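Q: Before we start, here is the structure in question, set down as structure tokens.
Residue numbers (the working numbering): 5 to 979.
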């Protein structure tokens, strides 16, 4: 979009008199910006403000605005250069908050818009620079030098009349001040009127959320039967780990309650927005909804539960009406467009009472056709293309989503103005030629006139809104895309900022909740940066011999990143260092992927084999974008942590301004620019040798590392250059991935998952991300079943074999040797949900674990003379059984102990005494609600002579040194 904006700038053209004028002089028109900002801020504040306060604000601002307009009506005319030497604006006063502030009308000068008609039909440009014809006389500069206007001498804009200087019909400095600030009353009046309008609109919308019986029923946690209308696309909640369990993934649906019935039969009609939560055990709704089929098993009937029922809920289209039973609860956070939360229950069974509207049914068919057309594409392209085209992110995996967030490419996964801009540019052709005879694009090739082209573009915009769903975010994208269209079609950049301000003003008045939307804020900031900052930065780069197209792309990416980064930091508490290059690399593929994707979308309902061809072609640029995101996110220095608060945003904004100012000076010194570029590359790539010298992490010769992954476990045993045996994956893929990257681990000969609790296995995708994993070894106790299934699925997708660990197994890789101490062969137990070879059982009694913790895999590891005992999450029953096993003889006097179960109080003191470790390491999360590690456990370890270190205070830990009582062991903390 930035290229279009820059090329749309007016070029110097010969005028009738033979002189040239660029039409780009004069200040930028910002008159509509203050009213738009006033409306935006008022809407954000008054949505949940008391009614009296909101009404008072509206009345006061309305009265103030009207008074200002009345007082500001001029009593006498201002100069326009009429032939008699008198002056008049030619207007009737302040007629509306947006206009009537023109320098001249008939016979006057034009100061805005770059060009206006002067007296007698002559053309006057700008009135401040260039040359114009007025009554047959040349007017130069209008400010400097002397000109002749209708027989009167004018110097510096002052009419010399009888020896007295006259400016704007007034004399002396007072006239200059009046002319300079005559816009102020109208602008202030506009701000007050827009504030009043925003207060009224926001007050009404906020009252809609608070009124009716639903909020009160939610405060009493009432069980109700409700008729609801779906208002947006359903989506899945993000997987979250709570303690050692993963919170169940649920379907989330935004809807409006139309009718609500309590258990005693009382009914009420209402229109109250709610958030519905549909758990996995809720059956699919009965009835035909003309569903937008999503990936996954299709429902086999109304009573089907599990994945099939979830797929049916995910396929619901907006405007569908359902009758459901459930319990109301207050919304978790206030100040949002949600009056309550409705957790749907299986009884009474959900039922569809009315299908979606015709436009929504058509949009659902088109979206489903696009997904079907992309079914045969590679995984990343299949997931990404529907998101690029219509914002359908149902196939985006958490790993791919994380990569896009890390590289600040997440905007490509949402419908944005650039989608519409690309389509309209395809129709209109190159920027700046839309209104000329030599215009290009599809429209002139099809023989369409300008008027018909405008109608087709309007129809295309309407279709875009319908297919992408007319919710506020899509309306915002359509408005911002229309702003970009003005640049492509008219070449009048100075009119774009008022157009953007108008779009913001109208959208905020239409839907005040947008004033609190981060997505809306980012969209407006990015568009504003492209209009205001990018052209100047592009010109500055071209002056320094940067190729034009590269300068345009670089300026657009840098401007958008500079303006949006503070807001992104508030949302993610992180600043991406690879955002600009990744956006540059991805930009070249966005347009072809979007155009080909829309071609597949349009042709899929007619002929699916035909649709698969453009979908296959679009898969290449879509795959490129996904590859850029994954490669950028995989760099060790892809981002840095930043305070996720508004104070942190202000600090980042100040830093950005300082960098921009310093960059202007650095551009004059190519040598310094090159050196800075090298430093940035080193900061992003972080070569392991250089990082180790600067930070001391990881320490040379490290043998064992404990990652800081919060309340969970993830440890690494060094197995050679770039290789490591990983024991457990922690609860968060991002944290374990970051730890392994800093350790330089690119190859994992074996991943041991001690048991299937989420705080040990939920981070598995982070271990697999960008690394080769040869095999996975797990316990044979497959509980919790959902997490065991999760491990099986992740391994199967990457064709990684899974084996089962049993006591007595011994293995070696590189300098490592280890023996499995636990678990022993078990009696009857849950079967693994995947085929896993089990080694022959050693002689001994079977052990029946009481839960997953007691079935943890325990290892005794030897490396470089060190003996390490890794106990997983074993609790006292299993610890005591281990003491009675034949392996107990080898446990005495270990060098390093990975304390069981995050250092909980449930430890067998005899095992601690027998192990007598020199160093005890505890993995626990800061401020965890379990009190891990327990003070009693820490005291017992220290009493036995162990040095106790913990990740919640010390951060990641690495062990170096040699074993034995005479050897030296050193533990290095990353903090």
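Where is the CB? At the ideal position from N, CA and C, for every residue including glycine. Small disclaimer: the values here were computed from a predicted structure and weren't measured.
#1: Out of curiosity, what's the CA-to-CA distance linking residue 516 and residue 45?
#2: Can you give me the C-alpha to C-alpha distance between residue 625 and residue 802, rounded to a whole angstrom?
#3: Less than 8 Å between the C-beta atoms of residue 259 and residue 286, yes or no?
#4: State yes or no: is the C-beta of residue 282 within less than 8 Å of the C-beta of residue 274?
#5: Is DSSP giving residue 410 helix, strand or coil here?
#6: Measuring CB atoms only, is the stretch 574-593 touching the stretch 366-382, in the sense that at least three cross pairs come out at less than 8 Å?
#7: Thinking C-beta only, is residue 357 closer than 8 Å to residue 326?
#8: Between the alpha carbons of residue 718 and residue 775, how many angstroms are there, rounded?
#9: Have a look at 321, 796, 337 and 725 and flag the residue whose alpha-carbon is nearest the alpha-carbon of residue 362.
#10: Output yes or no for whether 8 Å exceeds the beta carbon distance between residue 256 and residue 243.
#11: For chain C, is any of its Cβ atoms less than 8 Å away from the one on residue 957?
#12: Just the Cα atoms here: how many angstroms apart are residue 159 and residue 37?
#13: For residue 784 versus residue 740, is the C-beta spacing smaller than 8 Å?
#14: From what residue to what residue does the beta strand (DSSP E) around residue 782 run?
#15: From residue 918 to residue 716, what distance separates their C-alpha atoms?
#16: Applying the criterion that 16 or more other CB atoms from any shown protein chain within 10 Å of the CB defines a buried residue, is residue 618 buried or exposed?
#17: Going by beta-carbon coordinates alone, are residue 566 and residue 664 separated by less than 8 Å?
#18: Does the separation of the CB atoms of residue 208 and residue 65 fall below 8 Å?
#19: Using beta-carbon positions only, say whether residue 329 and residue 351 come within less than 8 Å of one another.
#20: Measuring only the C-alpha atoms, how far is residue 190 from residue 34?
#21: Could you check how far apart the C-beta atoms of residue 62 and residue 213 are, in whole angstroms? I think they sit under 8 Å.
#22: Helix, strand or coil for residue 168, going by three-state DSSP, please let me know.
#23: Spell out a yes or no on whether the stretch 691-700 and the stretch 787-797 are touching, meaning 3 or more CB-CB pairs, one atom from each, closer than 8 Å.
#24: Going by beta carbon distance, what residues of the same chain come within less than 8 Å of residue 655, once the five residues before and after it are set aside?
#25: Going by C-alpha to C-alpha distance, which of 865, 826, 910 and 937 sits closest to residue 889?
#26: What does residue 263 pair with, by DSSP beta-bridge criteria?
#27: Taking the CB atoms as reference points, tell me whether residue 878 and residue 862 lie closer together than 8 Å.
#28: How big is the Cα-Cα spacing for residue 521 and residue 49?
#29: Using the beta-carbon count (16 or more within 10 Å), is residue 673 buried or exposed?
#30: Closest to residue 911 by CA distance: which of 923, 940, 932 and 315 is it?
#31: By how many angstroms is the C-alpha of residue 323 removed from the C-alpha of residue 234?
#32: Quick one: Cα of residue 798 to Cα of residue 221, how far?
#33: Please identify the residue among 502, 514 and 453 whose C-alpha is closest to the C-alpha of residue 536.
#34: Write down the C-beta distance between residue 482 and residue 469 rounded to the nearest angstrom, noting that I regard them as a contact closer than 8 Å.
#35: Under a Cβ-count criterion, where at least 16 other Cβ atoms within 10 Å of its own Cβ denotes burial, should residue 979 be classed as buried or exposed?
#36: Taking the alpha-carbon of residue 714 as reference, which of 631, 621 and 954 has the nearest alpha-carbon?
A: According to the structure data:
#1: Here residue 516 refers to the residue found at position 512 when the chain shown is read from its first residue. Here residue 45 refers to the residue found at position 41 when the chain shown is read from its first residue. When rounded, the distance between both Cα atoms is 10 Å.
#2: Numbered from 1 along the chain shown, position 621 holds the residue referred to as residue 625. Numbered from 1 along the chain shown, position 798 holds the residue referred to as residue 802. Spanning the two alpha carbons is a distance of roughly 24 Å.
#3: Taking the chain shown and counting its residues from 1, the one referred to as residue 259 is at position 255. Taking the chain shown and counting its residues from 1, the one referred to as residue 286 is at position 282. No, the pair does not count as a contact, with Cβ atoms beyond the cut-off.
#4: Counting from 1 along the chain shown, the entry for residue 282 is found at position 278. Counting from 1 along the chain shown, the entry for residue 274 is found at position 270. In this structure, residue 274 does not lie closer than 8 Å to residue 282 by Cβ.
#5: The sequence position of residue 410 within the chain shown is 406, counting from 1. Helix at residue 410.
#6: no
#7: Here residue 326 refers to the residue found at position 322 of the chain shown. Here residue 357 refers to the residue found at position 353 of the chain shown. In this structure, residue 357 lies closer than 8 Å to residue 326 by Cβ.
#8: As a working note, residue 718 is residue 714 in the chain shown. As a working note, residue 775 is residue 771 in the chain shown. Between residue 718 and residue 775, the C-alpha separation is close to 16 Å.
#9: Walking along the chain shown from the start, residue 362 turns up at place 358. Measuring from the Cα of residue 362, the nearest candidate turns out to be 321.
#10: Numbered from 1 along the chain shown, position 252 holds the residue referred to as residue 256. Numbered from 1 along the chain shown, position 239 holds the residue referred to as residue 243. Going by C-beta atoms, residue 256 is not nearer than 8 Å to residue 243.
#11: The structure shown contains no chain C; it is built from a single protein chain.
#12: Working through the chain shown from its first residue, we reach residue 159 at position 155. Working through the chain shown from its first residue, we reach residue 37 at position 33. Interpretation of residue 159 is limited by its pLDDT of 43, a score under 50 that renders its predicted location unreliable; no figure is taken from the coordinates.
#13: Indexing the chain shown from 1 puts residue 784 at position 780. Indexing the chain shown from 1 puts residue 740 at position 736. The answer is no: Cβ separation not under 8 Å.
#14: The residue given as residue 782 occupies position 778 in the chain shown. Counting along the chain, the beta strand (DSSP E) containing residue 782 begins and ends at 780-782.
#15: The sequence position of residue 918 within the chain shown is 914, counting from 1. The sequence position of residue 716 within the chain shown is 712, counting from 1. Each residue's alpha carbon lies about 25 Å from the other.
#16: Along the chain shown, one-based indexing puts residue 618 at 614. With 16 or more Cβ atoms within 10 Å of its Cβ, residue 618 is classed as buried.
#17: Here residue 566 corresponds to residue number 562 of the chain shown, with the count starting at 1. Here residue 664 corresponds to residue number 660 of the chain shown, with the count starting at 1. Closer than 8 Å, so yes.
#18: Walking along the chain shown from the start, residue 208 turns up at place 204. Walking along the chain shown from the start, residue 65 turns up at place 61. Cβ distance not < 8 Å, so residue 208 and residue 65 don't count as in contact.
#19: In the chain shown, counting from the first residue as 1, residue 329 sits at position 325. In the chain shown, counting from the first residue as 1, residue 351 sits at position 347. The answer is yes: Cβ separation under 8 Å.
#20: Residue mapping note: residue 190 aligns to position 186 of the chain shown, counting from 1. Residue mapping note: residue 34 aligns to position 30 of the chain shown, counting from 1. The alpha-carbon atoms of residue 190 and residue 34 are separated by roughly 13 Å.
#21: The residue labelled residue 62 in the question sits at position 58 within the chain shown. The residue labelled residue 213 in the question sits at position 209 within the chain shown. Wrong, their Cβ atoms sit about 18 Å apart, outside the cutoff.
#22: Locating residue 168 in the chain shown gives position 164, where the first residue counts as 1. Only weak support exists for where residue 168 lies, its pLDDT of 44 falling under 50; the coordinates are left without a value.
#23: no
#24: What you label residue 655 is simply residue 651 of the chain shown in a count that begins at 1. Closer than 8 Å at Cβ, skipping near neighbours: 647.
#25: In the chain shown, counting from the first residue as 1, residue 889 sits at position 885. It is 826.
#26: Taking the chain shown and counting its residues from 1, the one referred to as residue 263 is at position 259. BP columns for residue 263 point to 231 and 273.
#27: The residue labelled residue 878 in the question sits at position 874 within the chain shown. The residue labelled residue 862 in the question sits at position 858 within the chain shown. Yes; because the gap between Cβ atoms is below 8 Å, this pair is in contact.
#28: For the purposes of this step, residue 521 is identified with residue 517 of the chain shown, where counting begins at 1. For the purposes of this step, residue 49 is identified with residue 45 of the chain shown, where counting begins at 1. When rounded, the distance between both Cα atoms is 13 Å.
#29: As a working mapping, residue 673 is identified with position 669 in the chain shown. Exposed.
#30: Counting from 1 along the chain shown, the entry for residue 911 is found at position 907. Measuring from the Cα of residue 911, the nearest candidate turns out to be 940.
#31: Here residue 234 is taken as the residue at index 230 of the chain shown, counted from 1. Here residue 323 is taken as the residue at index 319 of the chain shown, counted from 1. If you take the alpha carbons of residue 234 and residue 323, they lie about 5 Å apart.
#32: Residue numbering aside, residue 798 sits at position 794 when the chain shown is read from its first letter. Residue numbering aside, residue 221 sits at position 217 when the chain shown is read from its first letter. Rounded to the nearest angstrom, the two C-alpha atoms are 42 Å apart.
#33: Numbered from its first residue, the chain shown carries residue 536 at position 532. Cα-wise, what sits closest to residue 536 is 502.
#34: One-based indexing of the chain shown puts residue 482 at position 478. One-based indexing of the chain shown puts residue 469 at position 465. Confirmed, Cβ separation roughly 5 Å.
#35: As a first step, residue 979 is located in the chain shown; it is residue number 975 there, counting from the start. It counts as exposed.
#36: To locate residue 714, count along the chain shown from 1; it is residue 710. Checked all of 631, 621 and 954; the closest Cα to residue 714 is 954.
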